[in-house]
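Encoded as structure tokens, the structure appears first; notes follow it.
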Amino acid sequence: MTERTLVLVKPDGVERGLTGQILARVEAKGYKIVELKLVQATREILEQHYEEHQGKPFFEPLVEFMGSGPVVAAVVEGNRVIEGFRSLAGSTEPTTAPPGTIRGDLGRDWGEKVQKNLVHGSDSPESAAREIGIWFA
Ligand code: DAT
Ligand code: MG
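Written out as structure tokens, the structure is:
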């Protein structure tokens, strides 16, 4: 079934000049970018976006990191794209994310409190709808 997901290229990805490579992988897989923008996220947006992580020890460093520079926000469309993009992205921790994935090929541990793992992808249809509403209000 055709779905939409929210993809973010996080500040580390934008800063390292990896936006093109990351979006190219999304397109090469056959998904369609239907919305795209470069945005400096406000604290309000980030608190909403990471609502589920409020109270966790990495929440504050995460919000700080995500506001440390511009991010690229995209809405990506395709059959089973929510699951498909998470598979392309690889697991959360870039050190051990499988080679072949965005995080596995392009990311690593930088010795910081937060995982600088290049990308975000919504994890369910409910999250996708909620997150697209936050970033593309
Ligand atoms: P994902 O981005 O794979 O969906 P998540 O939703 O569990 O992972 O966490 C959101 C982000 O928070 C993640 O991309 C990086 C950061 N993060 C998660 N767990 C962490 C941890 N244990 N220590 C530091 N940062 C963490
Ligand atoms: Mg998540």
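Each residue of the sequence shown is one higher than the last, beginning at 12 in the numbering used here. Heads up, the beta-carbon is just placed ideally off N, CA and C, and yes, glycines get one too.
Identified DSSP bridge partners for residue i
i              : result
isoleucine 145 : Looking at the DSSP assignment, isoleucine 145 forms no beta bridge with any residue, so it has no partner.
isoleucine 93  : The partner list for isoleucine 93 (beta bridge, DSSP) is empty, contrary to what the question assumes.
Buried versus exposed, by CB contacts within 10 Å (16 or more), residue i
i             : result
arginine 133  : It is worth fixing the name first, because residue 133 is serine in this sequence and not arginine. Result: buried.
lysine 158    : For the chain, the structure presents residues 12 to 148; residue 158 sits outside this window and is missing.
lysine 48     : exposed
isoleucine 44 : exposed
Check whether residue i and residue j have beta carbons under 9 angstroms apart
i                : j            : result
threonine 103    : arginine 114 : yes
valine 83        : glycine 24   : yes
phenylalanine 69 : lysine 124   : yes
Own chain, CB closer than 6 angstroms to residue i, minus 5 neighbours either side, in chain order
i                : result
histidine 131    : Leu19
leucine 34       : none
phenylalanine 76 : Val125
Proximal residues to residue i (C-beta, below 8 angstroms), its chain only, five neighbours per side dropped
i           : result
proline 110 : Asp116
Own chain, CB closer than 7 angstroms to residue i, minus 5 neighbours either side, in chain order
i          : result
glycine 80 : Pro22, Val25 and Glu26
alanine 52 : Met77, Gly78 and Val82
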